[in-house]
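Novice: Shown below is the structure under consideration.
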Amino acid sequence: MKADVAKILKNSKILLGLAIAISVILVGALVPTLLLPRFRHWRSLQETNQTDTQKLAVITANLAVLADQDREKISEYKTLMSAILPVEEDTLRVLAILDQIIKNSGMALDSLQVKTAAAGAAKTIPVQTPASQPTGTKALGVTTTQPPTTTSALSANSFQIGATLHGNLSSVLALIETLDSVKRAIGTTSVSLSKATGAERPTVNINFVMPLGKKVAAASADTKVEMASSDEKTLEELIGKLIIDALPATSPLGQPEPFGR
Amino acid sequence: MGLLDIFRKKTGKRNINLLPEEEGESVFTRRDFIIALLIPVGTVVFLGVVLFFLLLFGTQASLKHSDLAKKIQQKQTEWGKYSEVASGITEIKTNITTYQDVLTKNKNVRSIFDVIRSDIPITLTLSKIDLSEKGEVLVEGTAPKAVDVYQYLQVLKNKTENYTFVVLKTITYNGADSTYKFGLTFSVKPAGNAKNK
């Protein structure tokens, strides 16, 4: 046995092979158990640090930007945007606005139909709406007619109003143009004009969509917050441009005979 | 003497070592053994050096991590004073985008109708125009002659920059008033999206 070992030790090739084999075993045993976990830990820390450095840079930049912001202006813009896109449905306000601008466009209003996402079904509104002017109450000459076809699926944060009117194409286009001056986002989704033989004016069915605003509860510190000058310019333009709105009527209260005389 | 030369010692070269043969062999064996021993030892040393640097880098990264976490914590505390303004700005920006989409939608509707009415031949009288949300249009009307409807259809088909999927749905002749009743469907692009002619 001793002689065999001595013989092996004397053979340089076997000795070298043995040494290499021991080295491979050492590498195989130590690298995955000792080195790799530490390497991974280091890499993971490096990545975290990189993310944290970026996060810190964004927060620092945000703080610098926010410190310079005019809080009153921001509050003013926020009020404006919540009037344009309220968080809750403002059906009566929109009806009052539409009543006002439809009549101003020279068209005759036949019916208005409100469709909310929550309700799912359309309902015709044969109601009195608050006047657009705070001096008195106006009644809508609303009759129930065939409602305009609603083709679009409502999203949860919007509601639709279908209007049936009598007017011509130019009046319709003027009405849609007027929407750009309304202090409430009202979009036109579909328009249909049809004129029966012998009718004086075409019947117009328009579907309006009113998106609702999104309320941001808390802004994340590590998301870039910046009021770009283009945004400020847009908002300043809107303050001057959006002149049409509706307020509740301010009629005197108290009716001794509420069912009319 | 290089490492390879060690292996060449038995390749027929003459051993001019003056030591006795047995002693000479013993010197070679010891040298081989030391070299063989150096390989695993060298490996262990190398692995040890790598481990040392990994520990060093790990500690550095860990210290930096603690420092950054502390700084972020400080900034987060400072953020509390501005969070309301920040949420206000975020809200305003989100809602501006929504509002601008609405304005674009209205502008497109106006633009589509401008495109449609600019291409209707004067001989036609329309009884219906339907514009759907997807920009699909149905036009119905009457014409004194078939060629008038033909002209309109050709205009729509030729203006591919404005109109697509132009289909003549119906065409009937009404003897009572000597007119052709027609129905056409097509998709139309807003003027801004169409190429200038």
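Protein chains in written order, with our numbering: chain X, 123 to 383; chain E, 489 to 685. Glycine residues also receive a C-beta, built at the ideal position from the N, C-alpha and C atoms. For clarity, every value in this text was computed on a predicted model and none was experimentally measured.
#1: On the DSSP bridge list, what partners appear for E/Y640?
#2: Does the region 287 to 299 of chain X come close enough to the region 568 to 586 of chain E to have 3 or more Cβ pairs within less than 8 angstroms?
#3: Of all the options X/V127, X/V209, X/V313, which has the alpha carbon lying nearest to the alpha carbon of X/A339?
#4: Which class does X/G362 belong to by DSSP, given the choice of helix, strand or coil?
#5: If you scan the region 271 to 338 of chain X from start to end, which runs of the beta strand (DSSP E) of 3 or more residues do you find wholly inside it?
#6: Nearer than 7 angstroms: is that true of the beta carbon of X/G320 relative to any heavy atom of the ligand ADP?
#7: Are there three or more Cβ pairs, one per stretch, closer than 8 angstroms when the region 340 to 353 of chain X is compared with the region 295 to 311 of chain X?
#8: How would you list, in chain order, the residues of chain E whose beta-carbon sits under 8 angstroms from the beta-carbon of X/D174?
#9: State the beta-bridge partners of E/A557 as determined by DSSP.
#10: Quick one: what does DSSP say X/L375 is sitting in, helix, strand or coil?
#11: Give a yes or no on whether the minimum CB-CB distance between E/G663 and chain X is below 8 angstroms.
#12: How should E/F670 be labelled, buried or exposed, when 16 other C-beta atoms within 10 angstroms of its C-beta is the threshold for buried?
#13: Mind listing the chain E neighbours of X/A186? Cutoff is C-beta to C-beta under 9 angstroms, in chain order.
#14: List the endpoints of the continuous alpha helix (DSSP H) containing X/S197.
#15: Can you name the start and end residues of the beta strand (DSSP E) that E/K616 belongs to?
#16: Any beta-carbon of chain E closer than 8 angstroms to the one on X/N290?
#17: Going by the beta-carbon positions, is the gap between X/N327 and X/Q282 smaller than 8 angstroms?
#18: Mind checking if E/Q564 is an interface residue toward chain X, Cβ cutoff 8 angstroms exclusive?
#19: Which residues in chain E have a C-beta closer than 7 angstroms to the C-beta of X/P161? List them in chain order.
#20: Interface residues of chain E around X/K459 at Cβ under 7 angstroms?
#21: Check each candidate in X/T213, X/S316, X/T300, X/G228 and name the one with the smallest Cα separation from E/T705.
#22: Are the C-beta atoms of E/S571 and some chain X residue less than 8 angstroms apart?
#23: Tell me which same chain residues have a C-beta within less than 7 angstroms of the C-beta of E/S620, skipping the five on either side of it?
#24: Output needed for E/V625: all residues of its chain with C-beta closer than 6 angstroms, excluding positions within five of it in sequence on either side, in chain order.
#25: Taking the alpha helix (DSSP H) that E/F601 falls in, what are its first and last residues?
#26: Which whole-angstrom value describes the C-beta separation of X/I206 and X/I366, a residue pair presumed to lie in contact below a C-beta threshold of 8 angstroms?
#27: Can you tell me the Cα-Cα spacing of X/N133 and X/A143, whole angstroms?
#28: Is the beta carbon of X/L157 sitting closer than 8 angstroms to the one on E/V538?
#29: Can you give me the C-alpha to C-alpha distance between X/K195 and E/G629, rounded to a whole angstrom?
#30: Judging by CA-CA distance, which residue of X/S303, X/V313, X/S280 is the nearest neighbour of X/H288?
#31: Pick helix, strand or coil for E/G623, following the three-state DSSP scheme.
#32: For E/T585, count the other beta carbons within 10 Å of its own beta carbon; 16 or more makes it buried, fewer makes it exposed. Which is it?
#33: Is X/D232 helix, strand or coil when you go by DSSP?
#34: Indicate the three-state DSSP secondary structure (helix, strand or coil) for E/K677 in the structure shown.
Specialist: Based on what the coordinates show:
#1: DSSP, once it has assigned bridges, lists no residue as partnering E/Y640.
#2: no
#3: For the residues X/V127, X/V209, X/V313, the minimum Cα distance to X/A339 belongs to X/V209.
#4: helix
#5: 280 to 288, 309 to 316, 325 to 333
#6: Ligands are entirely absent from the displayed structure, and the ligand ADP is therefore not among its contents.
#7: The region 340 to 353 of chain X vs the region 295 to 311 of chain X: no contact.
#8: H553, L556, A557, I560
#9: None, per the DSSP bridge assignment.
#10: coil
#11: no
#12: buried
#13: Those within 9 angstroms of X/A186 in chain E number zero; the least Cβ separation is about 10 angstroms.
#14: Segment 193 to 206, the alpha helix (DSSP H) holding X/S197.
#15: 613 to 619
#16: no
#17: In this structure, the beta-carbon distance from X/N327 to X/Q282 does not fall below 8 angstroms.
#18: yes
#19: Rather than Pro, the amino acid found at residue 161 of chain X in this sequence is Phe. Using a Cβ-Cβ cut-off of 7 angstroms, X/F161 is close to L542 of chain E, given in chain order.
#20: Because chain X here runs from 123 to 383, residue 459 of chain X falls outside it and cannot be looked at.
#21: Because chain E in this structure spans residues 489 to 685, residue 705 of chain E falls outside the shown range and cannot be described.
#22: yes
#23: none
#24: Excluding five sequence positions before and after E/V625, the CB atoms of its chain that fall closer than 6 angstroms to its own CB belong to L619, F674, V676, given in chain order.
#25: 571 to 606
#26: Contact check for X/I206 and X/I366: beta-carbon distance about 12 angstroms, past the 8 angstroms limit, so the pair fails to qualify.
#27: C-alpha separation (whole angstroms): 15 angstroms.
#28: yes
#29: About 54 angstroms.
#30: X/V313
#31: E/G623 falls in the coil class under three-state DSSP.
#32: exposed
#33: strand
#34: coil
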